[in-house]
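Taking this note's numbering as reference, the numbering of the sequence shown is continuous, increasing by one, and the terminal residue is 375. The beta-carbon is built from N, C-alpha and C at its ideal position, and this holds for glycine as well. Below: the structure, in structure tokens.
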Amino acid sequence: MSQQAHPGETGTSARDALDGAITAIAAAGCETPRLDAEVLLAHVLGVGRERLLSDRTLLVQGPAVRAFQDAVRRRAVEREPVAYILGRRHFRRLELLVDRRALVPRPETELLVEVGLELGLGARVLDIGTGCGAVALALKDERSDLHVSASDVSAAALELAALNGRRLQLDVRWIQADLLPEADEFDAILANLPYVADSERAQLAPEIARHEPALALFAGPDGLNAIRALLEQVAERPPVRVIALEVGAGQAKAVAELVGAAGFDAIRFERDLARIQRVVIGERHRDDGEDG
Numbered sequence: 084m085s086q087q088a089h090p091g092e093t094g095t096s097a098r099d100a101l102d103g104a105i106t107a108i109a110a111a112g113c114e115t116p117r118l119d120a121e122v123l124l125a126h127v128l129g130v131g132r133e134r135l136l137s138d139r140t141l142l143v144q145g146p147a148v149r150a151f152q153d154a155v156r157r158r159a160v161e162r163e164p165v166a167y168i169l170g171r172r173h174f175r176r177l178e179l180l181v182d183r184r185a186l187v188p189r190p191e192t193e194l195l196v197e198v199g200l201e202l203g204l205g206a207r208v209l210d211i212g213t214g215c216g217a218v219a220l221a222l223k224d225e226r227s228d229l230h231v232s233a234s235d236v237s238a239a240a241l242e243l244a245a246l247n248g249r250r251l252q253l254d255v256r257w258i259q260a261d262l263l264p265e266a267d268e269f270d271a272i273l274a275n276l277p278y279v280a281d282s283e284r285a286q287l288a289p290e291i292a293r294h295e296p297a298l299a300l301f302a303g304p305d306g307l308n309a310i311r312a313l314l315e316q317v318a319e320r321p322p323v324r325v326i327a328l329e330v331g332a333g334q335a336k337a338v339a340e341l342v343g344a345a346g347f348d349a350i351r352f353e354r355d356l357a358r359i360q361r362v363v364i365g366e367r368h369r370d371d372g373e374d375g
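Pasting the structure below:
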């Protein structure tokens, strides 16, 4: 699909098209205008980003002109996330289909996968709030011995997750449930639940507030309603020996107290690249019914 200049052909050079797009995206207030423009143009032309600058003969012409203009409009005017415009997102070793049915997978969510990779052979793992299936599929991809299930309250999100599972040929069991499925038992739970406080809605970037599903974002006055509800359920499920919860900035201490109250006696934290305590991990060593 790449386009090169030939005698008599007209079109805009890739470099000129990039310059205009960068200006428009920057003026809209996007944080990474050059990266966004390069990714979008490379997608439209079907080439690698490196070729955009190295190949002086590369043109944007024909249907690609309209396609690139539309992509830039969606990014700059509508502030749509680049991942939604492309329809895909890389997560660890996988390329996932993404759209507005689920959150765009974030790099910090890979910390949940790292916790899962530490589990014992053949552990039964549940990814709660799976969205597009990123955590569950990455875990199954890297630890085929694990018995991986994934749940979400959103039927639409589960459709997307199951589609990714079929594409990647990874055996994950998909369950529609509000938090814990009633009849199943698991050794470990990994959860990226909603954790944005309702009062913080106005502070979110337009990419999030306008386009990502509110059901996956907001969780009450302090952002912890969903996490509290899950831990109340887990407290009654002694087979769950490990729980890992992604949390927002400044929430780790409060969540650790909730995890301890649910019966987990070894609690630790994992920090993201910004050094924020992003994942709270609890391990339960006591047998059900023991004191102390």
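Coil, strand or helix - residue i by DSSP
i: T192; result: helix
i: Q334; result: coil
i: D270; result: coil
i: S96; result: strand
i: F347; result: coil
i: P90; result: Any reading at P90 must be qualified, since the residue scores a pLDDT of 39, below 50, and its modelled position is unreliable; the value itself is stated next. DSSP places P90 in coil when its eight states are reduced to three.
i: I326; result: strand
i: S232; result: strand
i: R361; result: strand
i: R162; result: coil
i: D210; result: strand
i: E178; result: strand
i: R184; result: coil
i: Q252; result: coil
Alpha-carbon to alpha-carbon, residue j and residue i
i: Q144; j: G129; result: 13 Å
i: Q360; j: E329; result: 9 Å
i: E178; j: L246; result: 12 Å
i: D119; j: R358; result: 25 Å
i: A154; j: E315; result: 44 Å
i: I211; j: Q286; result: 26 Å
i: E283; j: G94; result: 45 Å
i: P116; j: D182; result: 21 Å
i: A280; j: I364; result: 21 Å
i: I350; j: E197; result: 16 Å
i: D261; j: H368; result: 27 Å
i: A299; j: A309; result: 10 Å
i: A88; j: T140; result: Any answer about A88 is weak, because its pLDDT of 43 lies below 50 and its placement is not dependable; what the coordinates show is given next. Looking at the two C-alpha atoms, the distance is approximately 5 Å.
i: S227; j: L251; result: 13 Å
i: V311; j: L123; result: Per the sequence presented here, residue 311 reads as Arg, with Val not at that position. One C-alpha to the other measures close to 40 Å.
i: F151; j: A266; result: 49 Å
i: A104; j: V148; result: 12 Å
i: V165; j: D102; result: 18 Å
i: R98; j: G131; result: 14 Å
Buried or exposed by the 16-neighbour rule on C-beta atoms within 10 Å, applied to residue i
i: S234; result: buried
i: K336; result: exposed
i: H126; result: buried
i: T192; result: buried
i: L243; result: buried
i: E121; result: buried
i: A332; result: exposed
i: E114; result: exposed
i: A297; result: exposed
i: L195; result: buried
i: Q259; result: exposed
Member of the options whose CA lies at the smallest distance from the CA of residue i
i: R175; options: R184, A221 and R139; result: A221
i: E353; options: I326, A345, R367 and A344; result: I326
i: R207; options: C215, A219, R132 and G214; result: A219
i: R249; options: E265, G216 and D267; result: G216
i: E163; options: G103, G112, L276 and F301; result: G112
i: L209; options: L101, A238 and V255; result: V255
i: A238; options: T213, R324, S227 and L229; result: T213
i: H230; options: L194, A166 and W257; result: W257
i: L135; options: L169, L307, Y278 and A100; result: A100
inquiry  = Across the segment 278 to 290 and the segment 312 to 327, are there enough close Cβ pairs to call them in contact, namely three or more that are closer than 8 Å?
reply    = Judged by Cβ distances under 8 Å, the segment 278 to 290 makes no contact with the segment 312 to 327, as fewer than three pairs qualify.
query = Do three or more CB pairs link the segment 265 to 282 to the segment 202 to 220 at distances below 8 Å?
reply = Judged by pairs of C-beta atoms under 8 Å, the segment 265 to 282 touches the segment 202 to 220, as three or more such pairs exist.
inquiry  = Tell me whether the segment 180 to 199 and the segment 133 to 151 touch, counting them as touching only if at least three CB pairs, one residue from each stretch, are closer than 8 Å.
reply    = Because the criterion of three Cβ pairs below 8 Å is not met, the segment 180 to 199 and the segment 133 to 151 do not touch.
ask   = Are the segment 342 to 353 and the segment 292 to 303 in contact at 8 Å, needing three or more beta carbon pairs?
value = Taking 8 Å as the limit for Cβ pairs, the verdict is that the segment 292 to 303 does not touch the segment 342 to 353.
query = Would the segment 98 to 117 and the segment 155 to 163 be scored as touching if the rule is three or more Cβ pairs under 8 Å?
reply = Yes, the segment 98 to 117 is in contact with the segment 155 to 163.
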